[in-house]
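Peer 1: Below is one structure. I have some questions about it.
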Amino acid sequence: MAAGAGEHGGGPGPHDADPALADFPHRAPRTRRWCFADQLGPHFLDGPDQPVLLIESRAVLARRRFHRQKAHLVLSALRHRAAELGDRAEFHQVGTYAEALDRVAGPVSVCAPTSWRSRDFVLARRDLQVLAARGFVTTQAEFAGWAEGRGRRRLLMEDFYRDSRRRHDVLMNGAEPVGGRWNLDAENREPPPADGRIGVPEPWWPEEDEIDAEVRADLDRWEADGDVSFVGDDGPRLFPVTRAEALHRLEDFLQHRLGAFGPHEDAMLTGDRWLAHSLLSPALNLGLLDPLAVVVATERSARDRAAAGDLLPLNSVEGFVRQVMGWRDYVWHMYWHLGRDFRHANALGAREPVPGWLAGLDDGAVDAACLSDVLGDLRRDGWVHHIPRLMVLGNYALQRGIDPSAMTDWFHESFVDGYEWVMVANVVGMSQHADGGALATKPYAAGGAYIDRMSDYCGGCRYDPRKRLGEDACPYTAGYWAFLDRTREQLAGNHRMRRPLQGLDRLRDLPAVVEQERLRGTGAP
Ligand SMILES: Cc1cc2nc3c(=O)[nH]c(=O)nc-3n(C[C@H](O)[C@H](O)[C@H](O)COP(=O)(O)OP(=O)(O)OC[C@H]3O[C@@H](n4cnc5c(N)ncnc54)[C@H](O)[C@@H]3O)c2cc1C
Numbered sequence: 001m002a003a004g005a006g007e008h009g010g011g012p013g014p015h016d017a018d019p020a021l022a023d024f025p026h027r028a029p030r031t032r033r034w035c036f037a038d039q040l041g042p043h044f045l046d047g048p049d050q051p052v053l054l055i056e057s058r059a060v061l062a063r064r065r066f067h068r069q070k071a072h073l074v075l076s077a078l079r080h081r082a083a084e085l086g087d088r089a090e091f092h093q094v095g096t097y098a099e100a101l102d103r104v105a106g107p108v109s110v111c112a113p114t115s116w117r118s119r120d121f122v123l124a125r126r127d128l129q130v131l132a133a134r135g136f137v138t139t140q141a142e143f144a145g146w147a148e149g150r151g152r153r154r155l156l157m158e159d160f161y162r163d164s165r166r167r168h169d170v171l172m173n174g175a176e177p178v179g180g181r182w183n184l185d186a187e188n189r190e191p192p193p194a195d196g197r198i199g200v201p202e203p204w205w206p207e208e209d210e211i212d213a214e215v216r217a218d219l220d221r222w223e224a225d226g227d228v229s230f231v232g233d234d235g236p237r238l239f240p241v242t243r244a245e246a247l248h249r250l251e252d253f254l255q256h257r258l259g260a261f262g263p264h265e266d267a268m269l270t271g272d273r274w275l276a277h278s279l280l281s282p283a284l285n286l287g288l289l290d291p292l293a294v295v296v297a298t299e300r301s302a303r304d305r306a307a308a309g310d311l312l313p314l315n316s317v318e319g320f321v322r323q324v325m326g327w328r329d330y331v332w333h334m335y336w337h338l339g340r341d342f343r344h345a346n347a348l349g350a351r352e353p354v355p356g357w358l359a360g361l362d363d364g365a366v367d368a369a370c371l372s373d374v375l376g377d378l379r380r381d382g383w384v385h386h387i388p389r390l391m392v393l394g395n396y397a398l399q400r401g402i403d404p405s406a407m408t409d410w411f412h413e414s415f416v417d418g419y420e421w422v423m424v425a426n427v428v429g430m431s432q433h434a435d436g437g438a439l440a441t442k443p444y445a446a447g448g449a450y451i452d453r454m455s456d457y458c459g460g461c462r463y464d465p466r467k468r469l470g471e472d473a474c475p476y477t478a479g480y481w482a483f484l485d486r487t488r489e490q491l492a493g494n495h496r497m498r499r500p501l502q503g504l505d506r507l508r509d510l511p512a513v514v515e516q517e518r519l520r521g522t523g524a525p
């Protein structure tokens, strides 16, 4: 089912093909495989001898103002892969992909890349054989089959996840989920422990080498030449760039952190930004790890430990599996399923530009303790976990009416694990509710009380999470009511918003709160 050069016109897209059928080694043994910088693991190749094409394109870096550590990570991963493959790889360091492709002799195939833009590019080149996408648990054909299922009205993550668990026999006892329940999220929303410690060791950190030193020197030189510009701090590389490093991080997580993952998954702590998260998203998104293999290794590790009398909490194991085979695959498929226009959806009519202090990750300009801390972590590491992304950064933009497409760009550029496919569904859909509720049944808007419950930020903050009016009114609490007031009409039909909207009607000081927040606007809070 590989889409050959002749099928590029009106035939099925690469994502209609099943990767299991697409690439038997005997089909094209000497065809060189072009691996994009997010296709670096062995599962993007047909066998251990396949020749590889790698292209480092300067134009990709120049297109956006990325976090410096994101640029470092991508370049370092690509160069490490080239070094690892040695003579098997043809490695081009050029301005554009086309420059390199024009130089390559012989047949070249490529697994369908991960954005609409790059798919258009490969499909337009008649010299490329475009295969089905890889790097996800479910194929696009499987997702399409599920989505078309009879009587399915909404494409909910929960239904998709259960279907995938059954299909791949993950955490199952025959036809039933292990433990008798599919969803243990209710046990995974604990606030942080009062003593600020969740009791897991520091994550394992990779060591930089001479390739990292070269990358750093190149980035500095290109920046000095004015070819590219970056945001965020330089710093020791925190994320894997080789498969060996990625496996090391996975093993470290399974051994030392998985047990604590569930209960404090949603908590935020000033002194511990990693908590028990896996820090695997950059490695998964660079294609260094196959997500199904990660899930299988997780289940195996939990079963082996249980057999040895070391029982891991099921809510932690299920919670992690849900993230990798549920959420990650779901946002990937929704990116394609909702089409090109998804990125430009703006159901709540949000039009504010991204303010300069946010674009520049200027935590020093911000007084609100939660936002300042999260922005500082992002500046320093290019990473924060999912609750700061959703409930501090995303919640701020949602409340302030910042343009969802501009926020998608901002997230894409500021995070080390940011890629178009993962950003659109998470930002436009999940976080900004700009898709009108295709992904999330209600907007992720919350006042300061939520942040106070789930973190230790509010104690030392100059704002009071209980106050919506006055000098010390929390920008999240006041912003929440101003948001509901502004979007009341659009949200009126959403039954999950009925109670919050009724609450709005009871606020006698609402006009004053709305005016206060209008004046505050998107100035650093
Ligand atoms: C506004 C917003 C923007 C986000 N942007 C990105 C992004 O650019 N890249 C990215 O990989 N994730 C993104 N996420 C999802 C999630 O925040 C990160 O995957 C996670 O924080 C990465 O840290 P971790 O590897 O320690 O994850 P863990 O908490 O340990 O979770 C394990 C894995 O599950 C996967 N995962 C969990 N949730 C999601 C999700 N919603 N979407 C995709 N994968 C998920 C990731 O691969 C992650 O590595 C975003 C979420 C939000 C709300």
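Under the working numbering, residues 1 to 525 are what the sequence shown spells out, in order. Beta carbons: idealized from backbone N, C-alpha and C, even for Gly. Since this is a predicted model, take the numbers as computed values, not measurements.
Assign Thr-441 to one of two classes, buried (16 or more other C-beta atoms within 10 Å of its C-beta) or exposed (fewer than that).
Peer 2: Residue 441 sits at position 441 when you count from the first residue of the sequence shown. Burial call: exposed.
Peer 1: Tell me which same chain residues have a C-beta within less than 8 angstroms of the C-beta of Arg-167, skipping the five on either side of it?
Peer 2: By one-based count along the sequence shown, residue 167 stands at place 167. Taken in chain order, the residues that qualify are Thr-138 and Glu-142.
Peer 1: Using a Cβ-Cβ cut-off of 6 angstroms (strictly less than) and excluding sequence neighbours within five positions of Ser-455, which residues of its own chain qualify?
Peer 2: On the sequence shown, position 455 is the one that residue 455 refers to. Closer than 6 angstroms at the Cβ level, and outside the excluded window around Ser-455, lie Met-268.
Peer 1: Would you please verify whether the beta carbon of Leu-156 is less than 9 angstroms from any beta carbon of chain D?
Peer 2: The structure shown contains no chain D; it is built from a single protein chain.
Peer 1: Across which residues does DSSP place Glu-90 in a beta bridge pair?
Peer 2: For the purposes of this step, residue 90 is taken as residue 90 along the sequence shown, with counting starting at 1. For Glu-90, which the question treats as bridged, DSSP gives the partners Leu-53.
Peer 1: Quick check: Ala-112 and Ser-57, are their CB atoms within less than 9 angstroms of each other?
Peer 2: If you number the sequence shown from 1, residue 112 lands on position 112. If you number the sequence shown from 1, residue 57 lands on position 57. No.
Peer 1: Between Asp-234 and the rest of its own chain, which residues show a CB-CB distance below 6 angstroms, the 5 nearest in sequence each way excluded?
Peer 2: Counted from its first residue, the sequence shown places residue 234 at position 234. So the qualifying residues of the chain are Arg-68.
Peer 1: Under 9 angstroms, do Leu-390 and Leu-371 count as touching if we go by C-beta distance?
Peer 2: Taking the first residue of the sequence shown as 1, we reach residue 390 at position 390. Taking the first residue of the sequence shown as 1, we reach residue 371 at position 371. No, the Cβ-Cβ distance between Leu-390 and Leu-371 is not below 9 angstroms.
Peer 1: Return the residue from the list Asn-285, Glu-413, Glu-318 and Leu-275 that minimises the CA-CA distance to Val-296.
Peer 2: In the sequence shown, residue 296 corresponds to position 296, counting from 1. Of Asn-285, Glu-413, Glu-318 and Leu-275, the residue nearest in Cα terms is Glu-318.
Peer 1: Would you call the CB atoms of Ala-246 and Leu-275 closer than 9 angstroms?
Peer 2: Here residue 246 refers to the residue found at position 246 of the sequence shown. Here residue 275 refers to the residue found at position 275 of the sequence shown. Taking 9 angstroms as the Cβ cut-off, Ala-246 and Leu-275 do not qualify as a contacting pair.
Peer 1: Would the beta-carbon of Leu-40 fall within 9 angstroms of that of Leu-288?
Peer 2: Locating residue 40 in the sequence shown gives position 40, counting from the first residue. Locating residue 288 in the sequence shown gives position 288, counting from the first residue. Yes; because the gap between Cβ atoms is below 9 angstroms, this pair is in contact.
Peer 1: Unbroken beta strand (DSSP E) runs of length 3 or more, entirely within the region 121-178: which are they?
Peer 2: Listed in chain order, the complete beta strand (DSSP E) runs (minimum 3 residues) inside the region 121-178 are 128-131.
Peer 1: Using the beta-carbon count (16 or more within 10 Å), is Glu-299 buried or exposed?
Peer 2: Stepping through the sequence shown from its first residue, residue 299 is reached at position 299. Under this definition Glu-299 is a buried residue.
Peer 1: When you measure from the CB of Arg-134 to every non-hydrogen atom of ligand 1, does any distance come out below 8 angstroms?
Peer 2: Position 134 of the sequence shown holds residue 134. Answer for Arg-134: no, Cβ out of range of ligand 1.
Peer 1: Below 8 angstroms, how does it come out for the region 419-435 and the region 344-352: are there three or more Cβ pairs, yes or no?
Peer 2: Contact between the region 419-435 and the region 344-352 is present, because at least three Cβ pairs lie under 8 angstroms.
Peer 1: So the candidates are Val-331, Phe-483, Phe-261 and Asp-185; which of them puts its Cα closest to the Cα of His-385?
Peer 2: For the purposes of this step, residue 385 is taken as the residue at position 385 of the sequence shown. Out of Val-331, Phe-483, Phe-261 and Asp-185, Phe-261 has the C-alpha closest to the C-alpha of His-385.
Peer 1: Whether or not the region 124-132 and the region 147-162 are in contact is what I'm after, with contact meaning three or more pairs of Cβ atoms, one per stretch, closer than 8 angstroms; do they touch?
Peer 2: The region 147-162, when compared against the region 124-132, does not touch it at the 8 angstroms Cβ threshold.
Peer 1: What residues match up with Asp-272 in a beta bridge as DSSP calls it?
Peer 2: Here residue 272 refers to the residue found at position 272 of the sequence shown. DSSP lists Leu-269 as partners of Asp-272.
Peer 1: If we count the other Cβ atoms within 10 Å of its Cβ and call it buried at 16 or more, is Asp-23 buried or exposed?
Peer 2: The sequence position of residue 23 within the sequence shown is 23, counting from 1. Low confidence applies here, because Asp-23 scores a pLDDT of 44, under 50, leaving its location unreliable and the question unanswered by this model.
Peer 1: CA-CA distance, Gly-376 and Ser-229?
Peer 2: Here the question's residue 376 lines up with position 376 in the sequence shown. Here the question's residue 229 lines up with position 229 in the sequence shown. Cα to Cα, Gly-376 sits roughly 19 angstroms from Ser-229.
Peer 1: How is Ser-109 classed by DSSP in three states: helix, strand or coil?
Peer 2: Your numbering for residue 109 matches position 109 in the sequence shown. Of the three classes helix, strand and coil, the one that applies to Ser-109 here is strand, per DSSP.
Peer 1: Asp-381: buried (16+ other C-beta within 10 angstroms of its C-beta) or exposed?
Peer 2: Counting from 1 along the sequence shown, the entry for residue 381 is found at position 381. When all chains shown are included, Asp-381 counts as buried.
Peer 1: Given that a residue counts as buried once 16 or more other Cβ atoms are within 10 Å of its Cβ, and exposed if not, what is His-26?
Peer 2: Here the question's residue 26 lines up with position 26 in the sequence shown. Since pLDDT at His-26 reaches only 46, below the 50 mark, its modelled position is unreliable, and no value is offered.
Peer 1: Would the beta-carbon of Arg-117 fall within 9 angstroms of that of Glu-413?
Peer 2: Start at 1 with the first residue of the sequence shown, and residue 117 comes out as number 117. Start at 1 with the first residue of the sequence shown, and residue 413 comes out as number 413. It is not a contact, given that the beta carbons lie outside the stated cut-off.
Peer 1: Taking only three categories from DSSP, how would you classify Trp-34?
Peer 2: Numbered from 1 along the sequence shown, position 34 holds the residue referred to as residue 34. Residue state, collapsed to three classes: strand.
Peer 1: Expressed to the nearest angstrom, what Euclidean distance is found between the alpha-carbon atoms of Asp-509 and His-72?
Peer 2: The count along the sequence shown starts at 1 and reaches residue 509 at position 509. The count along the sequence shown starts at 1 and reaches residue 72 at position 72. Roughly 50 angstroms separates the two Cα atoms.
Peer 1: So does Gly-232 have its beta carbon nearer than 8 angstroms to some heavy atom of ligand 1?
Peer 2: Here residue 232 refers to the residue found at position 232 of the sequence shown. False, no ligand heavy atom lies under 8 angstroms from that Cβ.
Peer 1: With the cut-off set at 9 angstroms, would you say Met-407 and Val-354 are in Cβ contact?
Peer 2: Taking the sequence shown and counting its residues from 1, the one referred to as residue 407 is at position 407. Taking the sequence shown and counting its residues from 1, the one referred to as residue 354 is at position 354. A contact, by the Cβ cut-off of 9 angstroms.
Peer 1: Glu-90 to Val-52, Cα distance in whole Å?
Peer 2: Within the sequence shown, residue 90 is the residue found at index 90, counting from 1. Within the sequence shown, residue 52 is the residue found at index 52, counting from 1. Between Glu-90 and Val-52, the C-alpha separation is close to 6 angstroms.
Peer 1: What are the start and end residues of the alpha helix (DSSP H) that includes Val-424?
Peer 2: In the sequence shown, residue 424 corresponds to position 424, counting from 1. First-last for Val-424: undefined, no H or E at that position.
Peer 1: Let me check understanding here. Comparing Cα to Cα, which of Asp-252, Phe-483, Trp-222 and Leu-284 lies closest to Ala-62?
Peer 2: Here residue 62 corresponds to residue number 62 of the sequence shown, with the count starting at 1. Selected option, being the one with the closest Cα: Trp-222.
Peer 1: With a Cβ-Cβ cutoff of 9 angstroms, do Ile-198 and Asp-252 count as a contact?
Peer 2: Residue numbering aside, residue 198 sits at position 198 when the sequence shown is read from its first letter. Residue numbering aside, residue 252 sits at position 252 when the sequence shown is read from its first letter. Not a contact, by the Cβ cut-off of 9 angstroms.
Peer 1: On the premise that Tyr-419 lies in contact with Asn-285, defined as a C-beta separation below 8 angstroms, what is that separation, rounded to the nearest angstrom?
Peer 2: Taking the first residue of the sequence shown as 1, we reach residue 285 at position 285. Taking the first residue of the sequence shown as 1, we reach residue 419 at position 419. Contact holds; Cβ gap of about 6 angstroms.
Peer 1: Just to confirm, is the Cβ distance from Tyr-444 to Ile-451 under 9 angstroms?
Peer 2: Working through the sequence shown from its first residue, we reach residue 444 at position 444. Working through the sequence shown from its first residue, we reach residue 451 at position 451. Their beta carbons are not under 9 angstroms apart, which means Tyr-444 does not touch Ile-451 by this criterion.
Peer 1: Spatial neighbours of Pro-12 within its chain, please: C-beta separation below 6 angstroms, excluding the five flanking residues on both sides.
Peer 2: Numbered from 1 along the sequence shown, position 12 holds the residue referred to as residue 12. Any reading at Pro-12 needs caution, since the residue's pLDDT is 32, under 50, leaving its predicted position unreliable; the model's value is listed next. Here the set comprises nothing.
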